[in-house]
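A.B. asks: Mapping of the sequence shown onto our numbering: residues 130 to 353, in sequence order. Please see the structure below; I have some questions.
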Amino acid sequence: MTVGGGPIDSDQYPVWDLTIRLIHWYFPAAIGVMWWSGEQGRMEVHAWVGYSLLILVLTRIVWGFIGSESARFRHFVRGPGEIRRYLASGGAYSGHNPLGALSVVVLLALLVSQTVSGTMSSDDILFEGPFAYWAQDWSGAVADWHETNWRLLQGLIALHLIAVGWYQWKKRQPMVQTMIRGRSETRFSAAAPRPLWLSMMTASILSGVLWWLITVAPEAPSYY
């Protein structure tokens, strides 16, 4: 981050807790494996990584309400007016800036759409999601949306990488280092970060619910 356009080396204040950093870095790894497994027809790998991605996306959403101060939506999601002011005049922020906050919300929405649509998709040949029965005659349309949503997700990822590169090298704001170390030169909150065990417990509960839903979901009818 910068003040007055110049770089600052001090990074003494915690801003991103371990939960946020682990989830953040898991997302690109999981998305990469999902892309590879989908292209190669490794649908078992695709499904299991998809389940893990769904669990962590939902955990991140829950963490936006019960997590550390910097992770909570009410502290960084801003309205259109604030976004316009930021685009017009810029400014330094501890945590997400207004435009970055918007990208977080859109990314989480696309990831939820991608993972949920995957669980309800069926091509009647090679793959059938565990909840394809509930989609019934719409499972093919859901599979089509799964492909469309993936293209939207690719576009957002490209924009995200361009934006990070711009802030990192052009504006000299160490966004990558901050997300690795979790510390910034600007204090976000005096409150202590929420512990990792709380997010792990949240993920465990969500995993149990997903497993239960998969076990009770009826199989989709086969026409072959």
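Think of the CB as a built atom: it goes at the ideal place given N, C-alpha and C, for glycine as much as any other residue.
Applying the criterion that 16 or more other CB atoms from any shown protein chain within 10 Å of the CB defines a buried residue, is glycine 219 buried or exposed?
C.D. replies: By the 10 Å Cβ count, glycine 219 comes out exposed.
A.B. asks: So is aspartate 138 buried or exposed if we call it buried at 16+ other beta carbons inside 10 Å?
C.D. replies: Because the pLDDT of aspartate 138 is 44, which lies under 50, any placement of that residue in the model is unreliable, and the question is left without a value.
A.B. asks: Bridge partners for proline 143 per DSSP, in chain order?
C.D. replies: The partner list for proline 143 (beta bridge, DSSP) reads Arg312.
A.B. asks: Less than 8 Å between C-beta atoms, sequence neighbours within five positions excluded: which residues of the same chain meet that for aspartate 146?
C.D. replies: Correct list, in chain order: Gly196, Ser197, Ser199, Ala200, Gly311, Pro322, Arg323, Leu325.
A.B. asks: Are there 16 or more other CB atoms within 10 angstroms of the CB of leucine 288, so buried, or fewer, so exposed?
C.D. replies: Exposed.
A.B. asks: Is glutamate 348 helix, strand or coil by DSSP?
C.D. replies: Coil at glutamate 348, not helix or strand.
A.B. asks: Using alpha carbons as the reference points, say which of Arg189, Val233, Ile184 lies closest to arginine 207.
C.D. replies: For arginine 207, the nearest C-alpha among the options comes from Val233.
A.B. asks: Among Gly247, Leu228, Val345, which residue has its Cα nearest to the Cα of glutamine 274?
C.D. replies: Going by the sequence as given, residue 274 is tryptophan instead of glutamine. Minimum Cα distance to tryptophan 274 is reached at Gly247.
A.B. asks: Starting from alanine 278 and walking both ways along the alpha helix (DSSP H), at which residues does that stretch end?
C.D. replies: It should be pointed out that residue 278 corresponds to asparagine in this sequence rather than to alanine. 268-294 is the span of the alpha helix (DSSP H), which, as asked, contains asparagine 278.
A.B. asks: Taking 6 Å as the limit between beta carbons, can you name the residues of its chain near leucine 183, skipping five residues before and five after?
C.D. replies: Closer than 6 Å at the Cβ level, and outside the excluded window around leucine 183, lie Thr244.
A.B. asks: Please return the same chain residues whose Cβ sits closer than 8 Å to the Cβ of valine 174, not counting the five positions on each side in sequence.
C.D. replies: Excluding positions up to five away in sequence, the list reads Val162, Ser166.
A.B. asks: Looking at the unbroken alpha helix (DSSP H) that takes in serine 181, where does it start and where does it end?
C.D. replies: Start and end: 172-195.
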